[in-house]
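Take the sequence shown: its letters are residues 117 to 442, numbered as in our numbering.
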Amino acid sequence: MARPRSTLVSIEDTPFYHCISKCVRQSWLTGVDKYTGKSYEHRRDWVESRILELAEVFAIDVAAYAVMSNHLHLVLRVDIFEANSWTDREVVEHWHQLFKGTDITQKFAQGEVIESFEVAGLKHSIAQYRSRLSDISWFMRALNEPIARRANKEDGCTGRFWEGRFKSQALLDETAVLACMAYVDLNPIRAKVADTPETSDFTSIQKRIKAAIKGEQPEALLPFVGNEQKEMVKGLMFSANEYLQLVDETGRIIRADKRGAISPESQKILNRLNIPQENWLKLTTEFSRLFKGPVGTVQELGVYCEHLERKRRQGAANCLRWLDSS
Numbered sequence: 117m118a119r120p121r122s123t124l125v126s127i128e129d130t131p132f133y134h135c136i137s138k139c140v141r142q143s144w145l146t147g148v149d150k151y152t153g154k155s156y157e158h159r160r161d162w163v164e165s166r167i168l169e170l171a172e173v174f175a176i177d178v179a180a181y182a183v184m185s186n187h188l189h190l191v192l193r194v195d196i197f198e199a200n201s202w203t204d205r206e207v208v209e210h211w212h213q214l215f216k217g218t219d220i221t222q223k224f225a226q227g228e229v230i231e232s233f234e235v236a237g238l239k240h241s242i243a244q245y246r247s248r249l250s251d252i253s254w255f256m257r258a259l260n261e262p263i264a265r266r267a268n269k270e271d272g273c274t275g276r277f278w279e280g281r282f283k284s285q286a287l288l289d290e291t292a293v294l295a296c297m298a299y300v301d302l303n304p305i306r307a308k309v310a311d312t313p314e315t316s317d318f319t320s321i322q323k324r325i326k327a328a329i330k331g332e333q334p335e336a337l338l339p340f341v342g343n344e345q346k347e348m349v350k351g352l353m354f355s356a357n358e359y360l361q362l363v364d365e366t367g368r369i370i371r372a373d374k375r376g377a378i379s380p381e382s383q384k385i386l387n388r389l390n391i392p393q394e395n396w397l398k399l400t401t402e403f404s405r406l407f408k409g410p411v412g413t414v415q416e417l418g419v420y421c422e423h424l425e426r427k428r429r430q431g432a433a434n435c436l437r438w439l440d441s442s
């Protein structure tokens, strides 16, 4: 039985979550309709564009994504501090970029006078919007529903386009986050639809590589900020070049089906994470198969389950085997 989303998300333990949505429409599953020869590849662009748009609206950062022919992967970071820092007007402005809101919020956004009897309703709406703008379920709803409507209109039909629920799993520590990001970014290579990260269309790794060539990082993605935390800059605690090199070398091993191509520079990252190379390769090729629930060290998993009052530590054996290497 599927668990309520509230029993899966614990911001107290981690802001990072791996989300997966799968499509149930046959035309999307095949990419090209074998009866008509029509290609549906353009829909992947719809999804990627929507992901990047939502990253600018929600207090949720996109760390990694891969839009495949029949499913999509996301690694998201919830930033409740950003949502709480927004003024009431900023909250309403963000919400109105995606949804109509109410007559009262529209008046408020346009600077019109709010009557005394409308204040309570306005405050309630703003509190609701603030909460939703840092909610993964609302992020995925704002992503999937417009795509489904657009695809149904194109196909001239009704009904479900996506499976009823998206899957999500908590990423409880730095190792789980980095391994899941690499797993997501290497999806096209594992599926043999791309030979290199830079040719992996509709992925965050391709966008990061294009930006890196210009000496930049993509504005729509959660940045790498290196190991320094002097000013507590929000981002991933590695350098962009370190990550790109590690993913590239891991992808080469996957394609060549051989070991020994991890450079000394990339090995330093694995040493920092306390992950043997063979474990890293297993994680980045079979992450979704190995872990159906939260991912992290057994200690982190125990704390997470305690906070959510879950007696059973789902996936503890694989967490111990592949992540606890000390």
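By construction, the Cβ of each residue, glycine as well, lies at the ideal position given by its N, Cα and C atoms.
Nearest CA to the CA of Gln320: which residue from Pro339, Lys308, Ser250 and Ile369? Looking at the sequence provided, one finds Ser at residue 320 rather than Gln. Among Pro339, Lys308, Ser250 and Ile369, the Cα nearest to that of Ser320 is on Pro339.
Three-state secondary structure (DSSP) of Gln415: In this structure, Gln415 counts as helix in the three-state DSSP scheme.
In terms of alpha-carbon separation, which member of Asp271, Gln213 and Ala175 lies closest to Asn200? Ala175
Check the C-beta distance from Phe255 over to Asn268 and give it rounded, since I have them as a contact under 8 Å. That pair is no contact at about 21 Å.
Going by DSSP, which residues form a beta bridge with Lys138? His187
Rounded C-alpha distance that separates Gln333 from Phe233: 47 Å
Suppose contacts are defined by Cβ-Cβ distances below 9 Å. Is Thr401 in contact with Tyr299 by that definition? yes
Based on Cα-Cα distance, which residue from Asp251, Thr366, Cys273 and Asn186 lies nearest to Pro313? Thr366
Short CB-CB distance (under 9 Å) between Asn434 and chain D: No chain D is part of this structure, which consists of one protein chain only.
Neighbourhood of Lys427 by C-beta distance below 8 Å, restricted to the same chain and skipping five residues each side: Excluding sequence neighbours, Lys427 sits near Cys421.
Residues bridged to Asp177 [DSSP beta-bridge criterion]: For Asp177, the beta-bridge partners assigned by DSSP are Arg193.
Identify the continuous alpha helix (DSSP H) that holds Gln445 and give its terminal residues. Since the first residue shown for the chain is 117 and the last is 442, residue 445 is missing from the structure and cannot be characterised.
DSSP three-state label for Val148, please. strand
Sheet register partners of Ala267 (DSSP bridge): Answer is none; Ala267 lacks a bridge partner.
Just the C-alpha distance for Lys283 and Val183, rounded to the nearest angstrom, thanks. So the two alpha carbons sit approximately 15 Å from each other.
So, under 8 Å CB-CB, Val191 and Cys273 are touching, yes? Tell me the CB distance rounded to an integer number of Å. Cys273 and Val191 do not touch by the CB rule: their CB atoms are close to 32 Å apart, not below 8 Å.
Under the three-state reduction of DSSP, which class applies to Leu255: helix, strand or coil? Here residue 255 turns out to be Phe, not Leu, going by the sequence shown. In the structure shown, the three-state DSSP call for Phe255 is helix.
Residues bridged to Trp278 by DSSP? Cys139
Buried or exposed (CB count within 10 angstroms, at least 16 for buried), Glu164: buried
Supposed close pair Ala179, Leu417 - CB separation, criterion 8 Å: In fact, because the Cβ distance is near 20 Å, the residues do not count as touching under 8 Å.
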